[in-house]
Each structure stands twice: as C-alpha cells, then as structure tokens.
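Here is the structure we will look at, set down as structure tokens.
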Amino acid sequence: MSYTIATLRGDGIGPEIVDEAVKVLGAVPGLDLEFDFLEAGADYYAEHGEPAPESTWKALNSADAILMGSMGHPDIRMPDGTEVQGHFIVNVRKRLNLYAGVRPIKSYPGSPSLSPDHGPIDLVLVRESTEGLFASFGGGAEITGEVYADTMIVTRAGTERVSRYALELARTRAARKVTCVDKANIFRSLAFFRQVFDETAANYPEIRIDHALVDSFSMLLVQHPERYDVLVTENMFGDILSDLAAALVGGLGLAPSGDIGDEHAMFQPAHGSAPDIAGRDVANPVATIVSARMMLEWLARRTGDETLRDAAELVERAVVETMAAGSRTRDLGGDLSCSAFGDAVAEAVRRLAQ
Ligand code: NAD
Ligand code: MN
Numbered sequence: 032m033s034y035t036i037a038t039l040r041g042d043g044i045g046p047e048i049v050d051e052a053v054k055v056l057g058a059v060p061g062l063d064l065e066f067d068f069l070e071a072g073a074d075y076y077a078e079h080g081e082p083a084p085e086s087t088w089k090a091l092n093s094a095d096a097i098l099m100g101s102m103g104h105p106d107i108r109m110p111d112g113t114e115v116q117g118h119f120i121v122n123v124r125k126r127l128n129l130y131a132g133v134r135p136i137k138s139y140p141g142s143p144s145l146s147p148d149h150g151p152i153d154l155v156l157v158r159e160s161t162e163g164l165f166a167s168f169g170g171g172a173e174i175t176g177e178v179y180a181d182t183m184i185v186t187r188a189g190t191e192r193v194s195r196y197a198l199e200l201a202r203t204r205a206a207r208k209v210t211c212v213d214k215a216n217i218f219r220s221l222a223f224f225r226q227v228f229d230e231t232a233a234n235y236p237e238i239r240i241d242h243a244l245v246d247s248f249s250m251l252l253v254q255h256p257e258r259y260d261v262l263v264t265e266n267m268f269g270d271i272l273s274d275l276a277a278a279l280v281g282g283l284g285l286a287p288s289g290d291i292g293d294e295h296a297m298f299q300p301a302h303g304s305a306p307d308i309a310g311r312d313v314a315n316p317v318a319t320i321v322s323a324r325m326m327l328e329w330l331a332r333r334t335g336d337e338t339l340r341d342a343a344e345l346v347e348r349a350v351v352e353t354m355a356a357g358s359r360t361r362d363l364g365g366d367l368s369c370s371a372f373g374d375a376v377a378e379a380v381r382r383l384a385q
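Each residue of the sequence shown is one higher than the one before, counting from 32 in our numbering.
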C-alpha cells in the first residue's frame with residue numbers, strides 16, 4: 032500500500048529536522064510513502080500575507096497523515112500582535128479535530144536525566160488540544176486598551192473524548208494508570224473537567240485513577256516521575272507541562288508528539304522552530320524522527336497494514352541503537368550535526384532491516 036504524507040517543513044530548524052525524518056523513513060525497505068511538501072508558516076506569511084494557501088488546507092484534509100517540522104518566527108507577527116504559527120497550527124487542530132495532543136516522555140540511551148535516582152522514565156502526557164485556554168485563539172478580546180481577555184472553555188464533549196483517549200491508551204500500558212492534572216480547587220471549568228474525567232473513567236474499572244493540582248504536580252513530576260504513567264490535562268497546562276517533562280529526559284530535542292483525532296492526525300516534535308540555532312545543521316532531529324515513528328504506528332492501527340507496524344519498530348530500534356552507540360547531537364553533549372545524526376539512524380535502519 033502507498034500512503035500520502037502531507038509534509039510541512041515550516042520555519043527555522045523545521046526544514047532541517049523534517050529532511051532527516053524523511054531520510055530515515057526512506058531507508059525502510061518496502062515502505063511506500065509519498066511525501067507531499069506543502070507551504071505554510073511564518074516565512075510564507077511574510078511573503079504572501081496569510082499563514083498558508085488554500086491548497087495546503089485541501090491537501091491536509093485528503094492526506095493519509097501529516098508530518099510537520101516546526102513553525103514560527105518571533106519577529107513575524109499578525110496584526111493583533113500574536114505569532115503566525117498558532118494561526119496555522121491551532122487551526123489545523125481545530126479544523127481537523129485533532130483533540131488529543133499525545134506527548135511521550137521517554138528516556139533514550141544516553142539522554143541526560145534530571146532524576147537519575149528513578150531509572151528510565153516512560154510517561155505519556157495527553158494534552159487536550161481543541162479547547163481550554165486556546166479556545167478563543169484568533170479571537171481573544173480587547174476589553175479596553177488596558178484590559179485583554181482570553182477565555183478558558185471546557186465542554187463535556189471535548190473533555191470526554193480526550194479522557195477516553197487517555198484511558199484507552201493506559202489500557203495498552205503495563206502501569207494502567209491515568210492522572211488527571213487540573214486546577215479543580217479554583218476554577219469552575221476545571222472542576223467540571225475533573226468531574227467529566229471521573230465519569231468517563233468509571234467505565235474503565237481496570238485503570239487506576241488519580242488526580243493532581245497542576246501547581247504542586249509540577250514539583251512532584253520533577254521529584255517523582257516514576258509515580259506517573261498517563262497524564263491528561265487542559266490545553267495550556269499540557270503545553271507547559273510537556274516542555275517541563277521533556278527536561279526530565281534530555282530536553283526538547285527528544286520530545287515527540289502526535290496531534291490525534293478520530294479521522295486525521297499530525298505528527299511533529301513538541302518543540303518550536305528554535306531560531307537561535309536554525310540554518311546551522313546542529314538541531315537534534317530525534318523528536319521529529321520519533322514523531323514520524325508515531326505516525327507509522329497510527330497509520331498501522333488505522334489500516335491494519337503490517338508493513339507500517341514493522342517499519343515503526345525498525346525506526347525505533349534504529350534510534351535506540353544509534354544513541355546507545357554514543358552518537359548524539361550538540362544539545363546532548365555530542366558533536367554530530369543534524370544531518371550526520373540522520374545519516375547514522377538511516378544507516379542503522381538499513382542494517383537492522385537485513
Ligand atoms: P523552541 O522549542 O523553538 O526552543 C527552545 C529552546 O530549545 C531553544 O534554545 C532551542 O534552541 C532548543 N531546541 C528546540 N528544539 C531543539 C532541537 N530539535 N535540537 C536542539 N535544540 C532545540 O521554543 P521557543 O524558543 O520558545 O520558540 C521559538 C519559535 O518556535 C517561536 O516562534 C514559537 O512561536 C515557535 N513555536 C512553534 C511550535 C510549533 O511549531 N509547534 C511550538 C512551540 C513554539
Ligand atoms: Mn509548546
């Protein structure tokens with residue numbers, strides 16, 4: 032089977048890291064992917080006055096899956112003062128109903144852990160991605176020239192579907208535990224989030240349920256990451272906590288993500304376009320390569336195509352083996368360039384495939 036992958040290289044380090052992921056997928060024998068390279072992002076906006084052309088939106092809708100690098104430039108802004116990238120990415124999530132922001136936090140060989148006492152870390156944060164504090168994105172309100180508002184929106188339907196996603200995910204994992212991270216002690220919207228999570232979880236008696244308040248949780252996650260398994264949380268909390276959690280396993284260069292819905296999904300690193308290191312071939316492509324591996328798994332689940340499942344396993348083993356052999360980029364204390372690291376993983380894929 033052949034699959035069309037809508038591919039957004041984006042801005043900053045985006046093109047560099049996407050090229051390495053495409054290189055690695057291209058090394059898998061028998062995997063038939065057609066990469067449809069699409070325009071969108073801050074650079075595109077600077078030239079054309081819109082975040083993406085209509086043709087990109089159409090292609091996202093019809094593709095089998097979406098692979099993205101990263102977007103945004105701090106100096107390229109919309110008339111309302113916000114950055115361009117959200118006007119594309121947040122809208123992709125809303126338009127395609129990509130409600131589950133799945134962000135695995137996992138130790139790789141040689142990833143410097145902040146918490147060496149706790150052994151390997153293996154968590155998955157599920158960030159609600161269509162509402163919460165991002166619901167008014169693109170709207171927001173100027174109330175007076177001195178007062179602005181963005182409103183937190185929590186719905187039963189939105190909370191139910193992301194809770195179900197987290198609970199189903201926990202079913203596939205050994206620890207079978209979900210922690211709902213909220214601020215139910217203060218906000219009505221988040222007390223409701225917890226209530227709907229609990230109601231949904233009542234249908235999953237085999238899953239252990241736990242609650243945490245986001246402020247103290249931020250400390251506990253750093254001190255005792257081994258206490259947690261699957262986490263589910265509101266959009267903004269998830270955005271912040273996933274970058275915090277990435278620091279536990281070596282930083283953003285190792286933080287993959289999937290924006291997953293019932294019909295569509297987009298895979299991209301959890302990090303941004305890193306303008307401070309862009310264009311120098313020094314970025315860490317692991318997060319993007321592992322996001323591409325998640326894409327293969329998602330496609331495999333949807334289609335039942337074993338080739339995809341095998342390819343996903345192969346890519347994961349190649350990343351683990353490459354890192355175990357001591358190959359790493361600068362952010363992890365190594366000296367490999369982005370492209371040389373990609374070469375090493377692609378080589379490992381070819382070797383392991385034999
Ligand atoms: P960032 O994630 O781009 O960078 C934070 C820090 O981590 C920087 O020091 C960067 O060099 C480093 N870093 C990130 N990814 C790395 C990698 N793969 N390898 C090595 N180092 C890496 O966050 P920021 O600096 O806050 O934002 C920069 C731009 O990215 C902004 O324009 C922002 O809007 C945008 N952004 C985009 C996305 C997205 O595309 N989904 C997400 C977050 C931020
Ligand atoms: Mn973020």
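Built from N, CA and C at the ideal position, the CB exists for glycine as well.
With respect to the beta strand (DSSP E) encompassing T210, which residues constitute its N-terminal and C-terminal limits? Indexing the sequence shown from 1 puts residue 210 at position 179. Counting along the chain, the beta strand (DSSP E) containing T210 begins and ends at K208 to D213.
I think R187 touches N266, with their Cβ atoms under 8 Å apart; what is that distance to the nearest whole Å? Counted from its first residue, the sequence shown places residue 187 at position 156. Counted from its first residue, the sequence shown places residue 266 at position 235. Contact flag wrong, Cβ pair sits at about 16 Å.
Which of helix, strand or coil DSSP assigns to A188: Walking along the sequence shown from the start, residue 188 turns up at place 157. The answer is helix: DSSP assigns A188 an H, G or I state.
Three CB pairs or more closer than 8 Å across the region 231–246 and the region 293–305: Flag = no, the region 231–246 and the region 293–305 do not touch.
Since H104 contacts G43 with CB under 8 Å, what's their CB separation in whole angstroms? Residue numbering aside, residue 104 sits at position 73 when the sequence shown is read from its first letter. Residue numbering aside, residue 43 sits at position 12 when the sequence shown is read from its first letter. So it is a contact: roughly 7 Å between Cβ atoms.
Compare the C-alpha of L5 against each of Q385, W88, E328 and T338 and name the closest. No statement about residue 5 is possible, as the shown extent of the chain runs from 32 to 385 and does not include it.
N-terminal and C-terminal residue of the beta strand (DSSP E) that E162 is part of: The residue labelled residue 162 in the question sits at position 131 within the sequence shown. Looking at the DSSP string, E162 is not in any beta strand (DSSP E), and its letter there is neither H nor E.
On a Cα-Cα basis, can you pick out the residue from L164, F165 and K137 that is closest to I152? If you number the sequence shown from 1, residue 152 lands on position 121. That would be K137, whose Cα lies nearest to the Cα of I152.
Which two residues bound the contiguous beta strand (DSSP E) that contains D241? Taking the sequence shown and counting its residues from 1, one reaches residue 241 at position 210. Where D241 is concerned, the enclosing beta strand (DSSP E) stretches over R239 to L244.
Cβ distance (whole Å) where F68 is taken to contact T35 below 8 Å: Taking the first residue of the sequence shown as position 1, residue 68 is located at position 37. Taking the first residue of the sequence shown as position 1, residue 35 is located at position 4. The pair is not a contact, with the Cβ atoms about 11 Å apart (cut-off 8 Å).
Best match in A205, T360 and L251 for proximity to A318 [C-alpha to C-alpha]: Position 287 of the sequence shown, counting from 1, holds the residue named residue 318. The option with the nearest alpha carbon to A318 is T360.
Distance, Cα to Cα, G117 vs G150? To locate residue 117, count along the sequence shown from 1; it is residue 86. To locate residue 150, count along the sequence shown from 1; it is residue 119. Rounded to the nearest angstrom, the two C-alpha atoms are 36 Å apart.
S370 CB to nearest heavy atom of the ligand NAD below 8 Å: Here residue 370 refers to the residue found at position 339 of the sequence shown. Not under cutoff, so the answer is no.
Pull up the CB-CB distance for S358 and A375, whole angstroms please, since I reckon it's below 8 Å. As a working mapping, residue 358 is identified with position 327 in the sequence shown. As a working mapping, residue 375 is identified with position 344 in the sequence shown. About 5 Å; that satisfies the 8 Å criterion.
With respect to 8 Å, is the separation between the Cβ of I44 and the closest non-hydrogen atom of the ligand NAD below this value? Along the sequence shown, read from residue 1 onward, the residue named residue 44 stands at position 13. I44 Cβ: within cutoff of the ligand NAD.
Would you call the CB atoms of D260 and V155 closer than 9 Å? As a working mapping, residue 260 is identified with position 229 in the sequence shown. As a working mapping, residue 155 is identified with position 124 in the sequence shown. Cβ atoms of D260 and V155: closer than 9 Å.
Using a threshold of 9 Å, state whether the C-beta atoms of F372 and P316 are closer than that. What you label residue 372 is simply residue 341 of the sequence shown in a count that begins at 1. What you label residue 316 is simply residue 285 of the sequence shown in a count that begins at 1. Going by C-beta atoms, F372 is nearer than 9 Å to P316.
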